[in-house]
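Take a look at the structure set out below.
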Amino acid sequence: MSINSNKKVTLMSPTNQSTKSDNSTTNQSVRSTNSSIRKQSQSAENKYKALMIEKRILIAAFIIGLLASLVFLICFSTKYWIIVNFKTPKPRIDERGEHLKVGHYHGLWTFCRIELWKNSTVEGEEHNCAKMFFTFPEVWKPRTPPQKLAMERSTIAVGIISLLFGLLSHIFTYYSIDQLRYMYKRLSGCLHLISAATLAKAQQLQQQQQQQHDSTRILLKLDHGMTSIENAY
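Under UniProt numbering, the sequence shown has 6 at position 6, and the numbering climbs by one with no breaks.
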């Protein structure tokens with residue numbers, strides 16, 4: 001008894017199996033590589049967008065800071081950087097004659113006193129100014145208290161230091177816009193903070209000087225009042 005079979009049996013060789021497994025592995029590695037490339041490109045694009053936003057912010061801060069420094073330089077260089085208004089209770093008599101001081105103003109180059117003269121040919125207030133040049137004020141030194149001169153010198157010195165730090169901060173800010181490195185931005189930020197701190201110190205010195213003038217006015221008024229009482233008795 002014989003049995004005839006028409007069925008075909010296909011046997012896979014080990015070589016074909018290894019080829020298919022290698023192809024599947026290659027496809028998976030290609031897909032993973034493509035996905036990593038897409039992620040890297042997307043990350044690079046996000047970083048570029050963030051850098052562009054940061055660059056615009058730096059440019060805006062640079063322009064605003066530069067305008068503020070220019071305004072400060074103009075105010076500091078004029079004669080009206082420091083303005084003090086007061087009135088002495090009684091006239092002063094010196095080698096120039098009898099006059100009444102009502103205030104003064106000065107800047108980096110000029111110091112001016114506002115005076116009212118008893119026999120002055122000029123009606124109203126008379127402004128007597130003297131040049132200080134770039135050095136510290138030495139005008140009317142015999143009649144100027146040393147503490148007042150020291151306060152004015154400190155105010156001018158701190159203001160100049162603030163301008164120098166502001167100039168350096170603008171230079172490093174401009175360089176950080178071009179290079180976009182963190183170290184330059186950090187340095188320019190620290191210089192801006194130092195410039196702001198020195199400017200605040202200059203304002204504090206000016207307020208102290210104004211308080212000293214106010215206390216001097218009170219003492220002069222008390223002295224004038226005591227003199228009037230003594231003369232009455």
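No residue lacks a Cβ here, since even glycine has one placed at the ideal position from N, Cα and C.
Measure the C-alpha to C-alpha separation of residue i and residue j and round it to an integer number of angstroms.
i, j, result
"residue 38", "residue 46", "12 Å"
"residue 127", "residue 167", "34 Å"
"residue 43", "residue 51", "12 Å"
"residue 49", "residue 179", "16 Å"
"residue 208", "residue 80", "18 Å"
"residue 176", "residue 70", "21 Å"
"residue 64", "residue 154", "28 Å"
"residue 117", "residue 105", "18 Å"
"residue 158", "residue 201", "7 Å"
"residue 62", "residue 183", "17 Å"
"residue 197", "residue 100", "38 Å"
"residue 169", "residue 187", "8 Å"
"residue 173", "residue 185", "6 Å"
"residue 67", "residue 73", "10 Å"
"residue 112", "residue 171", "35 Å"
"residue 150", "residue 108", "15 Å"
"residue 206", "residue 82", "8 Å"
"residue 160", "residue 75", "12 Å"
"residue 110", "residue 129", "7 Å"
"residue 102", "residue 199", "28 Å"
Taking buried to mean at least 16 other C-beta atoms within 10 Å of its own C-beta, is residue i buried or exposed?
i, result
"residue 40", "exposed"
"residue 152", "buried"
"residue 204", "exposed"
"residue 33", "exposed"
"residue 35", "exposed"
"residue 241", "The first residue shown for the chain is 1 and the last is 233, placing residue 241 beyond what the model contains."
"residue 53", "exposed"
"residue 195", "buried"
"residue 156", "buried"
"residue 140", "For residue 140, the pLDDT reaches just 47, beneath the cut-off of 50, and the residue's location in the model is therefore unreliable, although a value from the coordinates is still provided. With fewer than 16 other Cβ atoms within 10 Å, it is exposed."
"residue 235", "A question about residue 235 goes unanswered here, because the residues of the chain that appear run from 1 up to 233."
Please name the residue or residues paired with residue i in a DSSP beta bridge.
i, result
"residue 205", "Residue 205 pairs with nothing; no bridge assigned."
"residue 101", "115"
Contact between the region 189-205 and the region 155-166 (3+ Cβ pairs under 8 Å) | With a cut-off of 8 Å, the region 155-166 and the region 189-205 count as touching, because enough Cβ pairs lie within range.
Pair every Cβ in the region 55-63 with every Cβ in the region 77-86, then say whether three or more of these pairs are closer than 8 Å.
-> no
Runs of beta strand (DSSP E) lying entirely within the region 39-96, each at least 3 residues, in chain order = 82-85, 92-94
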